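For reference, the structure is listed below as structure tokens.
There are 2 protein chains.
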Amino acid sequence: MYRLYATKGSGNCFKPFVTMCQLGIGFDVLEVDVLRGETRSDAYRAINPAGAVPYLVTEAGVGVGESNAMLWLLADGSELMPQTALLRAQSLQWMFFEQSRLEPFISPARFLGRIAPHLGVGREADIIAWRDKASAGLAVLDAHLSNRAFMLGDRYGITDIALFGYVHVSDEAGIDMHSFPNVAAWIERVRQTPGFVPLSALCDRARPFLADEHAA
Amino acid sequence: MYRLYATKGSGNCFKPFVTMCQLGIGFDVLEVDVLRGETRSDAYRAINPAGAVPYLVTEAGVGVGESNAMLWLLADGSELMPQTALLRAQSLQWMFFEQSRLEPFISPARFLGRIAPHLGVGREADIIAWRDKASAGLAVLDAHLSNRAFMLGDRYGITDIALFGYVHVSDEAGIDMHSFPNVAAWIERVRQTPGFVPLSALCDRARPFLADEHAA
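Chains A and B supply the protein sequences, listed in that same order.
Going by my numbering, the first sequence opens with residue 245, and the numbers climb by one from there.
Going by my numbering, the second sequence opens with residue 245, and the numbers climb by one from there.
Structural data, given as structure tokens:
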């Protein structure tokens, strides 16, 4: 059984979570509250010295960081994996694109604009700049999805999950998704895939990390 | 035969280059001069609309971007690939770490501090901040390499190549490598692997892109 350390509402944490749900992999999930500073606590750093979420621990006790890397472990040998070397390279091309051209802009614009607006006071110019950069990345994605059902063609897989994590909350970052109709249609297609669960399911299922550690 | 579009001195471009050299894969390489703005030229954007290097084109004419993604195509089935799902996930964990915690800081500190210092005038505070952030990433890497010959253990592979690209030019970014003795020792071990070629070999081998296109 896997254990996932995650923070509610995080697009990165959602990726391994939905993958395990869709593949029927057994796991439990502990909520590490970023807003309360729990990722910087001694208790959490004893588990993941990098102090980041998500963090996935295997049954053998091996920890894996980086959300997109987790997908390659969880989906190995499943129908969610790209099936050829070229498709695997194209999958990774999009995953690195996501981590450099989308996530670094959608995530802070959403966090400071919506999740913790008291921290965003005085950062309005940054938030606008992040929205613009995210929109440039979304335009590339929209063009790519103009003639494909899913990221690599007809077949849903981990590339879609990696991109979906933050792209599907772009509206919460203040981005008008009407500008990206192909992305909006793809978001709906992903939501219809077998076993899909929404981001809110992570909150419903997680137990508090620090409470758990105190009880242990 | 593959075709690689690359810029001299680029740690990202070096990754697919040295991989093809070490695996004996046939390729040619065209030099796209970033300093002359050739990546933004119409001729280059007709090949790679993203206007970025490196860019790898397969014999079938399929283009692949993102240096680390290229390694998964080029090394597929070879001894440079991680051999289990867990090792593949750990490899990707380090590749995403490289692209978020090392490359974004080593690359601009080196570019503005060394390669194009006229562009770095007035950016001294940024350069110092980038060096500090790169050093924090190098400290994580140094701890990891304290008890391993290579990134994933005893065996050299694409994870080493991905990290080596920028880490081995950290000194050119103004970082004192004496602070990271395990990293420095690993750099020497990588240089001793079969078929290794230095960064300068890319320049020796490349033909100019625009001259090529004009001749075509």
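Beta carbons: idealized from backbone N, C-alpha and C, even for Gly.
Given the structure is predicted, the values throughout are model-derived calculations rather than measurements.
Item                                                                                                              : Value
Cβ contact check for the region 369-380 of chain B and the region 441-448 of chain A: 3 or more pairs under 8 Å   : no
Residue environment, A:E323, which counts as buried when at least 16 other CB atoms sit within 10 Å               : exposed
Euclidean distance between Cα positions of B:Q334 and B:I402                                                      : 12 Å
Selected residue, minimal CA-CA separation from A:L330, among B:T251, B:D320, B:P326, B:G281                      : B:D320
Cβ neighbour criterion (16 or more within 10 Å) applied to A:V427                                                 : buried
From B:W338, B:E275, B:Q266, residue whose alpha carbon lies closest to that of B:A406                            : B:W338
Chain B contact residues for A:V306, given Cβ-Cβ distances below 8 Å                                              : L330
Contact set between B:G309 and chain A, taken where Cβ atoms lie within less than 7 Å                             : Q337
As assigned by DSSP and simplified to three states, the class of A:A250                                           : strand
Residue-level contact to chain A via CB, B:D376, 8 Å cutoff                                                       : no
B:S423, buried or exposed, once every other Cβ within 10 Å from all chains shown has been counted against 16      : exposed
Any 3 or more C-beta pairs closer than 8 Å across the region 338-357 of chain A and the region 410-417 of chain A : yes
A:A460 - DSSP class collapsed to helix/strand/coil                                                                : In this predicted model, A:A460 has a pLDDT of only 42, less than 50, meaning its place in the structure is not dependable; the value taken from the coordinates is given anyway. Coil, per DSSP.
Where B:N312 meets chain A, residues with beta-carbon distance less than 8 Å                                      : L336, F340
B:A360 at chain A interface by Cβ criterion, 8 Å                                                                  : no
Simplified DSSP state of A:F271, which is helix, strand or coil                                                   : strand
8 Å Cβ cut-off: residues of chain B touching A:L317                                                               : A329, L330, R332, A333
Own chain, CB closer than 7 Å to A:A460, minus 5 neighbours either side, in chain order                           : The pLDDT assigned to A:A460 is 42, lower than 50, so where the model puts this residue is not dependable, and the model offers no usable value.
Minimum Cβ-Cβ distance from B:L248 to chain A less than 8 Å                                                       : no
A:Q343: contacting residues in chain B (beta-carbon distance under 9 Å)                                           : F340, Q343, S344
Any C-beta of chain A under 8 Å from that of B:D370                                                               : no
Cβ neighbours of A:V301 in the same chain (closer than 6 Å, five flanking residues each side left out)            : R247, G307
Min CB distance A:D386 to chain B below 8 Å                                                                       : no
Distance, A:P293 Cα to A:V276 Cα                                                                                  : 14 Å
Amino acids of chain B, ordered along the chain, whose beta-carbon sits closer than 7 Å to that of A:D320         : A329
Cβ-based burial, B:W316 [other Cβ within 10 Å; buried from 16]                                                    : buried
Range covered by the alpha helix (DSSP H) that runs through A:Y288                                                : 286-289
A:L389: first and last residue of the uninterrupted alpha helix (DSSP H) it sits in                               : Segment: none, A:L389 is in no alpha helix (DSSP H) and carries neither H nor E.
C-beta contact flag for B:G409 and B:F258 at 8 Å                                                                  : yes
Sheet register partners of B:R451 (DSSP bridge)                                                                   : B:L274
Rounded separation between B:L443 and B:I359 - CA only                                                            : 14 Å
Helix, strand or coil at A:G409 according to DSSP, with G and I counted as helix                                  : helix
Identity of the residues DSSP links to A:V308 by a beta bridge                                                    : A:L300
Close beta carbons around A:F261, own chain, < 6 Å, minus the five adjacent residues each side                    : L446
B:S311 and B:P326 closer than 8 Å at C-beta                                                                       : no
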